[in-house]
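Below is one structure, written out as structure tokens; the observations come after it.
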Amino acid sequence: MLVSVAVPVPFLGELTYRVPEGMAVPAIGARVRVPLGPRVITGCVVGHNAAVFTEGEAKAIHSVLDAEPLLPPTIVELCRWTADYYMAGLGDALRIAMPPGARRERPAFKTERVASITTQGLSAIGGAAAQPGSDADDAGRALTTKQRAALDVLAGAPAGLPMSELRDRGITSDVIRRLVARGLTSMRDATQDRDPFEGQPLESGEADVVRELTEEQRQALVTLRMLAEARRFSVALLHGVTGSGKTEIYLRLATDVLQSGRQVLLMVPEIALTPSVAALFRRAFGTRVAIQHSALSDGERHDQWHRIRRGDVDVVIGTRSAVFAPLVRLGLIVVDEEHDSSYKQEETPRYHGRDVAIVRAQAEGALVVLGSATPSMESYQNATSGKYILVSLEKRVMDRALATVRLINMRDEYAERGPDVVTSVALEEAIDRRLAAREQVVVLLNRRGYATSVFCRQCGDTFECPNCSVSLTMHTTHADGRSAVRGGARGGAATAAEPSRISGWGRCHYCNYSLRMPNACRKCAAPYLEQSGFGTERVEAQLKIRFPDARIGRVDRDSVRRKGSLAELLSRFGRGDLDILVGTQMIAKGHDFPRVTLVGVISADVGLGLADFRAAERTFQLLTQVAGRAGRGAQAGEAIVQTLYPEHYSVQMAVRQDYPVFFAKEVEFRRAMEYPPFFAMINVIARGRSLEEAMELAGDVARRVRAQAPERVIVLGPAPAPMGRLRGEHRVQLFLKGARRAEMRQALQAALAGSADVRRRLTVDVDPLNVL
Ligand code: ADP
Ligand code: ZN
């Protein structure tokens with residue numbers, strides 16, 4: 000018997016092995032130890048009756064690690080689809096589906112030594128099982144006070160007690176050891192689940208009110224219920240404006256699906272950003288909820304995975320990789336904020352969690368609900384063409400109005416107050432009013448750091464990353480959190496006098512290269528370096544100067560490096576311990592802070608200059624989402640958007656927060672330019688030590704693809720990538736465009752067949768979201 004095995008080696012296809020005489024045939028999804036070159040590694044059986052070799056030629060499996068399949072066969076198939084579609088190795092996809100530690104022979108459960116009292120022990124203290132005449136143990140030795148006390152404690156815990164707990168009660172391991180030696184106590188290893196919710200009570204303080212649904216919510220739920228009850232595959236797009244109460248609908252639909260005996264997967268872009276959703280589900284479904292995301296420790300993730308696999312769980316909440324959760328009775332997948340680009344993995348396998356979710360639901364006959372206030376162009380196109388069912392919520396709950404959006408033309412502001420203006424007069428006055436009314440403010444700038452570039456005014460010298468084609472961003476703190484501001488100015492704030500003279504570290508946002516900024520020019524020794532462009536650190540510093548009494552917090556990737564600090568900042572803001580929250584797009588996502596009445600957008604233009612056909616879509620989404628954070632409580636909300644391009648259509652449409660109108664306009668542009676969702680794209684990046692080397696490789700691949708592909712497939716390039724150098728490598732790109740994705744993939748696959756070393760020097764991105 001021959002079987003196919005996938006191994007964790009990048010881009011490697013399935014390998015064939017022989018099941019030796021006398022070994023039971025391992026199940027699909029079981030792990031096996033197999034020889035590969037000089038090593039023996041852990042792989043996963045992915046197929047039976049492989050016919051690549053004759054039995055005599057194939058190497059034999061060394062051993063089988065799982066009597067029962069570790070991965071359900073449905074998940075093996077999903078990995079196979081993922082690997083094929085995204086042109087990665089099957090082992091690359093399986094790596095994501097496997098729990099941490101799966102390469103090791105035994106699962107990495109946390110075990111603890113547990114002590115229990117034996118029958119002899121019980122009789123020694125005259126307990127329940129005492130037999131007449133044996134109140135001392137067989138050797139006739141009396142018990143010490145400590146031993147006696149330990150046995151008394153253990154007698155009260157028939158299931159045994161972990162050593163850690165005994166220690167907490169003042170019983171040392173020494174005492175237990177002596178009792179074990181005398182046969183009065185026994186020891187065993189017991190598995191302990193590491194629980195990411197540990198210490199968080201199931202019941203929250205606030206009472207759960209059973210809400211009356213709005214008429215729109217009710218109708219949406221009726222439609223979705225009908226689809227769920229059909230027990231067939233379908234996709235619904237729940238397009239609901241910000242604050243329309245989508246979460247409530249997910250919760251009720253999930254309740255129904257659970258009652259019908261099936262399971263629910265809820266996908267969110269980033270767990271830390273949506274702790275309220277996880278808390279809500281946990282309150283509703285208690286310990287039958289598991290979470291899966293990368294911020295958990297390996298141990299927690301491992302244990303949660305096995306709880307799901309054992310069937311102890313009915314609801315899984317997680318980020319993109321949770322799409323591979325080993326549920327076997329799936330009835331519903333909810334993809335919340337389906338437009339969010341964090342569903343796309345930007346490393347091999349470059350899969351999109353939402354799209355894999357749809358493929359999974361198709362295979363398992365489940366309903367998918369894609370939820371968003373600003374759906375992706377792809378999903379909305381599928382909804383208007385009838386491929387998905389469109390369910391809309393056009394109003395906020397409780398008749399609350401959407402925030403009004405006001406545009407501030409920053410050209411006028413610069414003309415009046417000079418080029419260093421960060422916050423317009425209008426925004427500052429609005430903040431003043433909100434602070435006076437004890438309301439809260441969110442300030443968005445989708446760019447981190449203090450200054451975006453530093454240069455010498457005398458000789459023009461600049462600070463570029465030596466490894467990447469970008470300039471270094473100036474930060475007031477080192478990547479490890481050290482502050483540049485001597486004398487410990489609070490929170491790294493600049494001085495009022497010269498905010499553009501603050502020094503710090505230059506950092507590359509792509510490769511993390513870091514450099515202490517000198518005080519003088521490295522080339523001409525001129526004593527002053529100029530800074531230009533600003534990011535969230537500078538905004539925070541300016542706000543601290545302008546609003547000295549306000550409590551200000553900052554949320555971006557630098558400020559939340561420490562585990563738990565993001566949740567902490569958000570909950571401080573939620574409790575009202577902060578007045579202003581400054582941040583990147585992290586603060587635009589899904590939060591529900593009822594006391595926020597003002598949202599300030601420092602620059603609507605951050606993404607607009609990029610050579611990316613999705614720039615308008617991203618800008619519209621970000622502005623609409625962040626405006627959606629205002630006015631979610633009883634007080635009406637307002638958004639003030641600063642821009643240099645007030646006439647740009649994505650800015651204009653965001654002011655109106657009218658998605659269908661934006662879509663109608665954007666879709667025409669995509670159709671005319673032959674971009675997604677009408678045309679599929681595959682981005683191929685050739686990497687090399689020199690530009691020539693990368694060019695040559697890309698040219699070679701382009702020729703091969705052109706020879707393979709039908710004329711309908713357009714091959715653009717090669718041309719240097721917008722990020723021409725990244726982490727020391729030169730990059731040249733090719734685009735494949737066409738109406739039929741399968742055709743494009745086949746052509747590329749055929750072009751690369753048998754050239755594993757070429758494949759390794761390419762980055763292939765199917766349905767790319769980021770084309771830099
Ligand atoms: P969305 O995800 O659509 O932006 P949420 O689900 O966060 O909106 O809901 C917005 C707010 O409205 C939340 O505070 C939620 O608890 C509340 N809410 C939802 N449904 C109702 C309802 N039917 N009546 C009153 N409040 C509701
Ligand atoms: Zn770099």
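So in numbering that gives the first Met the number 0, spot 441 of the sequence shown is number 440, and the numbers just go up one at a time. For every residue, glycine included, the Cβ atom is placed at its ideal position computed from N, Cα and C.
When you compare the CB positions of residue i and residue j, do they come within less than 8 Å of one another, or not?
i: T318; j: S293; result: yes
i: M22; j: V63; result: yes
i: P25; j: V31; result: yes
i: G534; j: T451; result: yes
i: L607; j: A653; result: no
i: A87; j: P348; result: yes
i: V704; j: L747; result: yes
i: I175; j: A154; result: no
i: L236; j: I316; result: no
i: R510; j: R726; result: Checking the sequence, you will find Cys at residue 510 rather than Arg. A contact, by the Cβ cut-off of 8 Å.
i: L226; j: I95; result: no
i: F454; j: A365; result: no
i: R628; j: F572; result: no
i: F280; j: V327; result: no
i: T642; j: L471; result: no
Buried or exposed: which applies to residue i, given that a residue is buried once 16 or more other Cβ atoms fall within 10 Å of its Cβ?
i: Q258; result: exposed
i: A493; result: With a pLDDT of 41 at A493, under the threshold of 50, the predicted position of this residue should be treated as unreliable, though the coordinate-derived value follows. The residue in question, A493, is buried, as its Cβ has 16 or more Cβ neighbours within 10 Å.
i: R38; result: exposed
i: E665; result: buried
i: E412; result: buried
i: A5; result: buried
i: I60; result: buried
i: R670; result: exposed
i: C467; result: buried
i: I579; result: buried
i: N48; result: exposed
i: T461; result: exposed
i: R574; result: exposed
i: S423; result: buried
i: Y512; result: buried
i: E667; result: exposed
What are the start and end residues of the alpha helix (DSSP H) that includes residue i?
i: S378; result: M376 to T383
i: L226; result: E214 to E228
i: L621; result: A614 to A626
By Cβ distance, which residues of its chain are closer than 6 Å to residue i, with the 5 residues on each side in sequence left out?
i: S243; result: L392 and R395
i: S649; result: A615, T618 and F619
i: I40; result: V6
i: H238; result: P374 and S391
i: V763; result: M86 and V683
i: L93; result: A5, C43 and C78
i: L514; result: G505
i: G487; result: Its pLDDT being 38, under 50, G487 is placed unreliably in this model, and the coordinates cannot settle the point.
Any idea which residues DSSP pairs residue i with across the strands?
i: G42; result: V31
i: A750; result: Per DSSP, none; premise fails for A750.
i: E247; result: Per DSSP, none; premise fails for E247.
i: C455; result: L528
i: H474; result: W504
i: Q291; result: G317
i: G239; result: L392
i: N682; result: F734 and D764
i: G417; result: Partner(s): none; G417 has no beta bridge.
i: K58; result: Y16
i: E463; result: S470
Tell me which residues share the same chain as residue i and place their Cβ nearer than 7 Å to its Cβ, disregarding the 5 neighbours each side in the sequence.
i: F678; result: K736, G737 and A738
i: V538; result: V421, V442, L444, V581 and I601
i: Q344; result: R319 and Y350
i: T246; result: V276 and L279
i: G632; result: P593 and R594
Which residues mark the beginning and the end of the beta strand (DSSP E) in which residue i is found?
i: I16; result: Sequence inspection shows Tyr at residue 16; the Ile mentioned does not correspond to that position. Residues L14 to R17.
i: G330; result: L329 to D335
i: K736; result: E728 to G737
i: S391; result: I388 to L392
i: M694; result: First-last for M694: L690 to Q707, but that is the alpha helix (DSSP H), not the beta strand (DSSP E).
i: K562; result: First-last for K562: undefined, no H or E at that position.
i: G120; result: Element bounds for G120: not the beta strand (DSSP E) but the alpha helix (DSSP H), T118 to A123.
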